[in-house]
Structures are given as structure tokens and as C-alpha cells.
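Okay, so here's the structure we're looking at.
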Amino acid sequence: MPIQYYIYLSLALFSIGIIGVLTRRNAIIVFMCIELMLNSVNLLLVAFSKMHLAFATANDKLATTVGTDGQLFVFFIMVVAAAEVSVGLAIIVMLYRNTHSVDINFLNRLKN
Amino acid sequence: MNTTEILFFFLSALALFSAIMVLISKNPIHSVLWLVAVFFAISGHYILLNAQFLAIVNMIVYAGAIMVLFLFVVMLMNLNSETEPQKNLWMKLAGVISGGCFLMVFVSLVRQATDLHAKKAMTSTGDIGLIKNLGKLLFSDYVVPFEITSVLFLSAMIGAIVIGKKE
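From first to last, the protein sequence lines are chains A and B.
For the first sequence, this note's numbering gives the first residue as 3, with consecutive numbering after it.
For the second sequence, this note's numbering gives the first residue as 855, with consecutive numbering after it.
Rendered as C-alpha cells:
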């Protein structure tokens, strides 16, 4: 599968995530769009790791573990995302408890 | 057009359609469920790329744990389409235009990168995505980051408890 297809798919998913962050006011939806962007990057990392492997095995038949690092990075991104979600949702629950809304425009009181 | 290409385009169309539905559905619960569909489509892509470990982890951690947490919070706050705050139309239009400009810049960048044109991602062959190879690397070269991960989770857990606690 040509690598450009994966790049275009990841770019489209990432742009949809950016549009979601810019156009929605619900804090939970904004947070979900950030997860969407993280996932598109994960997909691109896996596709690049397999591209790297295909390039290495074409030159050297014994290079069978090239590109494993890319997939481990994806694993670590998932780990960090899980930690981030738990803290972020705690903050959103706290925001809801204080303002009875999840509208992110309420957060502009941090300005003063 | 072989089976891999058909599956690739089907999964891509499913992922993009579900991602757009996340944005345009008014009810937050529907958004969460569409995002689960996106994650399943991306897991399908991982299986297509023979990254089996990541496919399973993506399904369990993202579609299973994280999205259930989101759904739990949405249902706890009793959000629905009536309470959904809306930005005005001009702000939405500005957001869509800036996101579209981002997409356009990067698509033109990829089209001009002539190095990439002959490169192919290996699908359904190559066993670097199997748990055997990933585990060997994880416990040899990446053992220090792997152990630091436990500290990160501990601090995230304590942070979530401290933030969520009532004074």
C-alpha cells in the first residue's frame, strides 16, 4: 500500500480533530478531538515503521527487526494518553461541579 | 483491486465518516459512540499493517477503557443535545476554514515530497508488530522508560484523586 495513502488519511483525521477543537464549546468533545489527533499520529507512526521495514528488507534480507521502535513509541503514546485522560476528566468533573456546565467559555475567568 | 486495497478504502471511509459524525452530532453520547467507531476502524488498519499487538491494545485501552470513562463522565453530568453549548456560525466557519488551510498546506507538502512517491508500507507481511519482537525490545533497550511509566501512572492516579476530591 503506498505510504501517501496513509499520510493523507492521517492528515484528514488530524484536521478533523483540529476543526473539532476550534468549533466545539463542550469541553468533553474538545478532549475527544485531542484523542482523535493522537490516534491519527499513532496510525502514521505504525505506517512509517512498516515503510521503514519494507525499505530495509529490500536491501538486506536479515534486517527483520528494523522499525520496531516506531511501534513502541505508539505504545508509549497510548500509555501517556491513558494517564492524560484520567487527569483531564477529573479536571472537567471539577469544572462541572463548580460551574454546573462544561462550556469552555467559562474558563475565561482565569484571565482575571 | 485486491482484498487489501478494498479493506483499506473501506476502513478509511469508515474512519473519516465516523470522525466527521463525532463533530456534527449534537448529543455528546452519540459523539462518544462515533469515536469508538473511529478507534475500531484504526484498529482494523493496524491489523491490516500486521501490527497485531497494537491493534489489540488500541481496542482494549482506547475503545474499551478510555471511551467507557468518557461515556461514564457524560452520563454522570447528564449531558444531552438540549444542554449542548453552541458557538456562533462565524466562529464555526472560521474554525473549518483554518482546519481546511492546515489540511491543504500539508497535502501540497506531501505531493511535492518526491522521495515518498515510490515508498510502500508493508501490509500483511513483516512480523515486527508481533508481541515477541516488541517485548524483546521493550525489556532490553526501553526498559527504563517502561519502568518510569509506572511512576507516571502513579502520579496520574494520585492527581486524579486529589483533583476530584471534595474539599
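Yeah, the Cβ is synthetic: ideal placement off N, Cα and C, and Gly gets one too.
Using 8 Å as the threshold, is the C-beta distance between L91/A and L923/B below it? Position 89 of the first sequence, counting from 1, holds the residue named residue 91/A. Position 69 of the second sequence, counting from 1, holds the residue named residue 923/B. Yes; because the gap between Cβ atoms is below 8 Å, this pair is in contact.
Would you mind giving the Cβ-Cβ distance between L963/B and M34/A, rounded to the nearest angstrom? I have them listed as a contact below 8 Å. Your numbering for residue 963/B matches position 109 in the second sequence. Your numbering for residue 34/A matches position 32 in the first sequence. Incorrect: roughly 27 Å between the Cβ atoms, too far for contact.
Close Cβ partners of V876/B (< 6 Å) along its chain, the five nearest in sequence each way excluded: Sequence index remark: in the second sequence, residue 876/B carries index 22 (1-based). So the qualifying residues of the chain are S885, W888 and L889.
Within 10 angstroms of its Cβ, does N100/A collect 16 or more other Cβ (buried), or is it exposed? In the first sequence, the residue the question calls residue 100/A occupies position 98. By the neighbour-count rule (16 or more Cβ atoms within 10 Å), N100/A is not buried but exposed.
Which of the three DSSP states is assigned to N932/B in this structure? As a first step, residue 932/B must be located in the second sequence, where it is residue number 78. Reduced to three states, the DSSP call for N932/B is coil.
Beta-carbon neighbours of N987/B, restricted to chain A and to distances below 7 Å: Within the second sequence, residue 987/B is the residue found at index 133, counting from 1. Those are T67 and T70, listed as they occur along chain A.
Quick one: list the residues of chain B neighbouring I5/A, beta-carbon separation under 7 Å, in chain order. The residue given as residue 5/A occupies position 3 in the first sequence. Within 7 Å Cβ-Cβ: L970, K973, K974 and A975.
Whose Cβ in chain B lies nearer than 8 Å to the Cβ of M34/A? Residue 34/A sits at position 32 when you count from the first residue of the first sequence. Residues of chain B passing the Cβ test: V876, S885, V886, L889 and F924.
Can you check whether the C-beta of S962/B is within less than 8 Å of a C-beta belonging to chain A? For the purposes of this step, residue 962/B is taken as residue 108 along the second sequence, with counting starting at 1. For S962/B, not one C-beta of chain A is nearer than 8 Å to its own C-beta.
Starting from the Cα of G949/B, find the closest Cα among G22/A, S12/A, A84/A and Y10/A and give me that residue. Position 95 of the second sequence holds residue 949/B. The closest CA to that of G949/B, considering only G22/A, S12/A, A84/A and Y10/A, is found on G22/A.
Alpha-carbon to alpha-carbon, T857/B and L988/B: Taking the first residue of the second sequence as position 1, residue 988/B is located at position 134. Taking the first residue of the second sequence as position 1, residue 857/B is located at position 3. Inter-residue distance for L988/B and T857/B is about 27 Å (C-alpha atoms, whole angstroms).
Segment contact flag, the stretch 69 to 79 of chain A with the stretch 929 to 945 of chain B, C-beta cutoff 8 Å, min 3 pairs: no
Exposed or buried, what is K52/A when buried is set at 16 or more other beta-carbons lying within 10 Å of its beta-carbon? Here residue 52/A refers to the residue found at position 50 of the first sequence. When all chains shown are included, K52/A counts as buried.
Cβ atoms of V892/B and S879/B: under 8 Å apart, would you say? Taking the first residue of the second sequence as position 1, residue 879/B is located at position 25. Taking the first residue of the second sequence as position 1, residue 892/B is located at position 38. No. Outside cutoff.
Using a Cβ-Cβ cut-off of less than 9 Å, give me the residues of the stretch 8 to 30 of chain A that come near chain B, in sequence order. Y8, I9, Y10, L11, L13, A14, L15, F16, S17, I18, G19, I20, I21, G22, V23, L24, T25, R26, R27, N28 and I30
Give a yes or no on whether the minimum CB-CB distance between M39/A and chain B is below 8 Å. Numbered from its first residue, the first sequence carries residue 39/A at position 37. No, because no Cβ of chain B sits closer than 8 Å to the Cβ of M39/A.
Taking the straight line between their C-alpha atoms, what separation do you get for I910/B and G980/B? Taking the first residue of the second sequence as 1, we reach residue 910/B at position 56. Taking the first residue of the second sequence as 1, we reach residue 980/B at position 126. Their Cα atoms are separated by approximately 18 Å.
What residue range is occupied by the uninterrupted alpha helix (DSSP H) comprising Q6/A? Position 4 of the first sequence, counted from the first residue, corresponds to residue 6/A. I5 to T25 is the span of the alpha helix (DSSP H), which, as asked, contains Q6/A.
Taking H899/B as the reference, give the member of I30/A, T59/A, D105/A and I9/A with the closest Cα. For the purposes of this step, residue 899/B is identified with residue 45 of the second sequence, where counting begins at 1. It is I9/A.
Within 8 Å, strictly: CB atoms of A84/A and V1016/B: Within the first sequence, residue 84/A is the residue found at index 82, counting from 1. Within the second sequence, residue 1016/B is the residue found at index 162, counting from 1. For A84/A and V1016/B, no; Cβs fall outside 8 Å.
Selected residue, minimal CA-CA separation from L957/B, among L97/A, I94/A, L15/A and L24/A: Sequence index remark: in the second sequence, residue 957/B carries index 103 (1-based). The option with the nearest alpha carbon to L957/B is L15/A.
So with CB distances below 7 Å, who are the chain A contacts of S952/B? Working through the second sequence from its first residue, we reach residue 952/B at position 98. Listed along chain A, the residues sitting closer than 7 Å to S952/B by beta-carbon distance are L24.
Is there a C-beta anywhere in chain A that falls below 8 Å from the one on A869/B? Counting from one through the second sequence, the residue named residue 869/B turns up at place 15. So yes, A869/B belongs to the interface.
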